[in-house]
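Undergrad: At position 384 of the sequence shown (counting the first as 1) the number is 384 in this note's numbering, and the numbers step up by one without a gap.
Heads up, the beta-carbon is just placed ideally off N, CA and C, and yes, glycines get one too.
What follows is a single structure, and I will ask about it in a moment.
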Amino acid sequence: MDLDKRSQRYEALNLIRQPVWIFDIDRRRMHWANDAALHVWNAPTLQALCERDLGSDMSESVARRLAQYQSDFISHGAVFNDQWTLYPDGRPVSLNVRLSPHRLDDGRMGMFNEASSAAVEGPESLRSVEALLHTAVMISLYGQDGRPLYRNPAARTSVRVSEERLEDRIVDSESYAALIGDVTSTGMATQTLAVNTAQGERWHEISARRCRDAVTGQNAILVSEADVSAIKHAEARAQYLALRDPLTGLPNRTQVMQTFNETTQRIHRAGLEAALMFIDLDNFKDVNDTLGHAAGDALLVEVARRLRHAVESAELVARLGGDEFLILIVSKDIHREVNRMRDQLMRIVAEPAMIHGYEVRITPSMGVSLYPQDGVDIETLLRNADLAMYTAKDCGRNGLAFYSTGMSDAVRSRKTMETELRHALERDEIQVYYQPIVDVANGRIVGAEALARWQHPQRGMVPPDVFIPISESTGLIRQIGALVFSRAAHQQAAWHRAGHSLRVSVNLSARQLHQAEFLPEMTRALEDAGSDARRMQVEITESMLLDNDQTLLELLRAIEAMGVSIALDDFGTGYSNLGYLQRFPIKTLKIDKSFIQSIDANRPLAEMIVSMCKLMRLSVVAEGVETAEQLAWVQAHDIELCQGYLFSKALPSAEFTSMLAAQPFENA
Ligand code: C2E
Ligand code: CA
Ligand code: CA
């Protein structure tokens with residue numbers, strides 16, 4: 001039989017006293033064993049041993065190890081010296097086994113085992129050997145020349161080629177040098193490094209220790225590696241996210257803090273100066289309010305892209321949140337560098353952007369604080385740059401201001417004002433003044449613009465230019481706007497009852513239009529007041545019309561359908577797009593005072609606007625008429641209505657009413 005043939009073939013091996021056996025890896029059975037091996041395996045006969053199913057209680061790790069041996073035999077005829085513990089009858093027998101490739105009769109790769117009993121070892125070392133063989137930790141011993149002397153099974157599975165040196169295994173040669181440097185100087189080192197493995201590039205935590213090779217007694221390095229790729233990737237991702245703004249991908253506030261600390265250390269050594277440039281987009285809320293949040297986001301992404309590309313010389317370009325960006329600059333001549341960057345930023349931010357099919361223009365307001373003169377810690381510098389930015393905004397936006405002491409007071413007052421404004425409504429401190437709108441032909445008052453005032457208990461009369469922007473950014477404009485409209489409607493009704501038929505005009509903010517309750521509230525206010533809708537008007541600005549979407553158009557049509565007319569305010573200051581006049585139900589155009597007051601410069605455009613309006617049968621109001629000369633121009637161009645200090649500033653309703661009464665003729 002088969003077994004006899006084998007016995008013949010291997011007969012000579014019975015002459016040696018060393019246990020020798022041949023193992024059929026695929027079938028997990030003994031193929032042949034010499035007498036000494038039968039003894040070790042505690043088998044009465046060769047046949048009995050060959051009939052044993054050695055795979056029946058084989059652990060998963062032993063099975064893997066055997067498969068690995070087999071593939072190493074096939075691929076490069078490897079030979080291994082391992083310590084094996086056999087359990088022939090439940091009792092452990094520890095052996096040093098030399099494992100080598102051996103082709104079986106049918107050509108399949110089997111394993112030739114030559115055993116010598118292991119040196120007498122205590123149970124501790126037996127267990128440690130077992131652990132070494134079965135652990136997922138990769139353990140290798142490298143000789144002085146860098147060649148591998150030993151690898152445990154896990155390490156063998158991981159290497160790309162069996163002769164691979166540690167140097168070739170570590171992806172980054174500098175990291176390798178650092179690791180070896182540490183081992184040389186301190187005897188050991190642990191680092192997490194990228195490693196080339198048979199499974200591709202992985203992250204391994206590598207511990208290397210100087211030791212002696214037990215066989216040769218020469219210096220060697222014992223390396224253990226654990227695969228920490230999963231942790232490393234999760235960590236890297238978390239770290240990336242923690243330091244990035246998810247929308248624009250720019251570094252975030254946390255990253256700013258980190259970079260700043262690193263930068264200042266360097267600055268000290270190099271004798272440089274640093275500046276924090278705080279950038280806020282002007283009227284960004286308008287874009288959000290009119291085109292929607294998705295468009296606002298798209299604009300922020302676009303601005304981020306421009307900043308990143310334009311200011312490559314900066315240390316850091318970050319987004320702090322909302323429409324706020326920050327640039328960190330380091331230079332020998334910081335003032336010059338900041339000014340150079342200001343010009344560049346003004347240009348690149350102001351370039352029109354196509355957002356969701358609309359052309360959007362935006363300008364930046366910038367505040368700068370300098371290190372170290374305006375503060376040494378990042379919190380102070382950020383606060384001061386922010387204060388400077390507010391000052392830039394107060395000075396007409398689209399500009400830059402350097403921080404100076406004293407700014408804090410001004411801005412602190414803005415912050416308190418925000419809080420106080422919330423109470424102003426409850427305490428009934430918001431009042432409505434009325435400015436006459438006059439018929440140019442006969443000088444009679446035909447209308448009034450309702451203008452909000454804040455009667456502050458300490459500050460006195462606060463002008464709307466100050467508190468309307470604050471109320472817009474806090475959202476309070478909804479209540480304030482509703483209050484002004486309601487008061488104006490009541491006033492219109494009261495004047496009507498007194499025989500004065502005036503059109504009363506009320507300013508609207510973008511935020512009011514985007515509020516679901518806007519129309520119902522307006523209807524209710526008109527009813528409550530008993531006011532004639534046809535004698536009410538709302539004023540909107542061009543920036544609100546940037547959004548030519550259907551909702552806005554429908555809303556304006558609904559307002560018109562109620563009888564309330566719509567005026568386009570401040571015309572000439574923004575886009576001056578006459579196309580809006582056709583697309584939207586606009587009845588009146590208010591030419592901005594800056595236009596009226598600098599007629600010489602703008603004459604051709606002003607004249608064109610006026611003639612367009614006539615063609616389109618729009619009524620025109622000239623705003624800000626202060627001088628007789630301006631009035632003469634208005635009259636010469638057949639502008640129907642005007643408003644300005646030449647006639648009257650805005651007045652409390654009682655004074656306005658007295659003025660009406662003093663007029664020689666009443667309107668019908
Ligand atoms: P506006 O709508 O352009 O209002 C006209 C502003 O020009 C008023 O300033 C008015 O007092 C001023 N003005 C009128 N005639 C002359 C003149 O001959 N020369 C000069 N130099 N100025 C003149 P005011 O009342 O300070 O209002 C400023 C702005 O505040 C308004 O500009 C408007 O945009 C806003 N505002 C006022 N009340 C409200 C409100 O109830 N709701 C909203 N949303 N905005 C309001
Ligand atoms: Ca107005
Ligand atoms: Ca105006």
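#1: Is G644 a contact residue of ligand 1, with contact defined as CB to any heavy atom under 7 Å?
#2: Give, in chain order, every unbroken run of the beta strand (DSSP E) that is at least 3 residues long and sits entirely within the region 298–364.
#3: Does DSSP put A567 in a helix, a strand or coil?
#4: With distances taken between CB atoms, is the gap from V368 to M257 smaller than 8 Å?
#5: Around the C-beta of G530, are 16 or more other C-beta atoms found within 10 angstroms, so that it is buried, or is it exposed?
#6: For a quick check, are the C-beta atoms of L646 and L660 less than 8 Å apart?
#7: For ligand 2, is there any heavy atom lying closer than 7 Å to the beta carbon of D569?
#8: CA-CA distance, T295 and D286?
#9: When the Cβ atoms of the region 101–111 are set against those of the region 20–30, are three or more pairs found closer than 8 Å?
#10: Can the beta-carbon of A450 be found closer than 8 Å to that of V538?
#11: Spatial neighbours of A226 within its chain, please: CB distance less than 6 Å, with the 5 preceding and 5 following residues excluded, ordered by chain position.
#12: Can you find the residues in the same chain that come closer than 6 Å, C-beta to C-beta, to R535, ignoring five residues on each side of it along the sequence?
#13: Of the choices D386, G399, P457, whose alpha-carbon is the least far from that of T405?
#14: Under the rule that 16 or more other beta-carbon atoms within 10 Å means buried, what is S701, buried or exposed?
#15: Measuring from the CB of G296, is there a heavy atom of ligand 1 at a distance below 7 Å?
#16: Put E273 into one of helix, strand or coil per three-state DSSP.
#17: Could you spell out the range, first to last residue, of the beta strand (DSSP E) harbouring Q515?
#18: Work out the CA separation of G579 and R253 for me, nearest whole Å.
#19: Identify whether F485 lies in helix, strand or coil by the three-state DSSP scheme.
#20: With 8 Å as the threshold, decide whether the Cβ of E426 is near any Cβ in chain D.
#21: Going by DSSP, what residue range makes up the alpha helix (DSSP H) through Y645?
#22: Quick check on the burial criterion: 16 or more other C-beta atoms within 10 angstroms. Buried or exposed for T541?
#23: Return the residue from the list H514, L519, M608 that minimises the CA-CA distance to M544.
#24: In the DSSP assignment, the alpha helix (DSSP H) including G579 goes from what residue to what residue?
#25: Determine the direct distance from the alpha carbon of D4 to that of W203, and round the result to whole angstroms.
#26: Under a three-way DSSP split, which group does A668 fall into?
#27: Alpha carbon to alpha carbon, how far is T551 from E359? Give it in angstroms, no decimals.
#28: Between the alpha carbons of A452 and T290, how many angstroms are there, rounded?
#29: Measure the CB-CB distance between V466 and V484 and report whether it falls below 8 Å.
#30: I'd like the span of the beta strand (DSSP E) that includes W21, first residue to last.
#31: Between the C-alpha atoms of P520 and Q373, what's the straight-line distance to the nearest angstrom?
#32: Under three-state DSSP, which class holds K285?
TA: Working from what's here:
#1: G644 Cβ: within cutoff of ligand 1.
#2: Whole beta strand (DSSP E) segments, 3+ residues: 316–321, 324–331, 353–355, 358–360.
#3: A567 falls in the strand class under three-state DSSP.
#4: Taking a C-beta distance under 8 Å as the contact criterion, V368 and M257 do not qualify as a contact pair.
#5: For G530, the number of other beta carbons within 10 angstroms of its own is below 16, and it is reported as exposed.
#6: Not in contact: L646 and L660 (Cβ atoms no closer than 8 Å).
#7: Remark: the C-beta of D569 is in contact range of ligand 2, defined as less than 7 Å to any heavy atom.
#8: It is Ala, not Thr, that sits at residue 295 in the sequence shown. Here the alpha carbon of A295 sits roughly 11 Å from the alpha carbon of D286.
#9: Touching, yes.
#10: No, these two residues do not count as a Cβ contact at 8 Å.
#11: Residues of the same chain with a CB within less than 6 Å of the CB of A226, apart from the 5 flanking positions on each side, are V137, E205 in chain order.
#12: Result list for R535: Q492, R503, in chain order.
#13: For the set D386, G399, P457, the Cα lying nearest the Cα of T405 is the one of D386.
#14: The first residue shown for the chain is 1 and the last is 668, placing residue 701 beyond what the model contains.
#15: Because no heavy atom of ligand 1 lies under 7 Å away, the Cβ of G296 does not count as near it: no.
#16: E273: strand per DSSP, three-state reduction.
#17: Here Q515 belongs to no beta strand (DSSP E), and DSSP marks it neither H nor E.
#18: Roughly 42 Å between the two C-alpha positions.
#19: The answer is helix: DSSP assigns F485 an H, G or I state.
#20: No chain D is present in this structure, which holds just one protein chain.
#21: Per DSSP, Y645 is not a residue of any alpha helix (DSSP H), being assigned neither H nor E.
#22: By the neighbour-count criterion, in which 16 or more other beta carbons inside 10 Å mark a residue as buried, T541 falls on the buried side.
#23: In terms of Cα proximity to M544, the closest of H514, L519, M608 is H514.
#24: For G579, the uninterrupted alpha helix (DSSP H) run begins and ends at 579–583, by DSSP.
#25: For W203 and D4, the distance between alpha carbons rounds to 52 Å.
#26: Confidence at A668 is low in this model, with a pLDDT of 44, below 50, so its placement is unreliable and the value that follows should be read with caution. Assignment of A668 by DSSP, reduced to helix, strand and coil, places it in the coil class.
#27: Cα to Cα, E359 sits roughly 19 Å from T551.
#28: Looking at the two C-alpha atoms, the distance is approximately 23 Å.
#29: Contact flag unset, no.
#30: Boundaries of the beta strand (DSSP E) around W21: 20–24.
#31: Straight-line measurement puts the Cα of Q373 at about 55 Å from the Cα of P520.
#32: Of the three classes helix, strand and coil, the one that applies to K285 here is helix, per DSSP.
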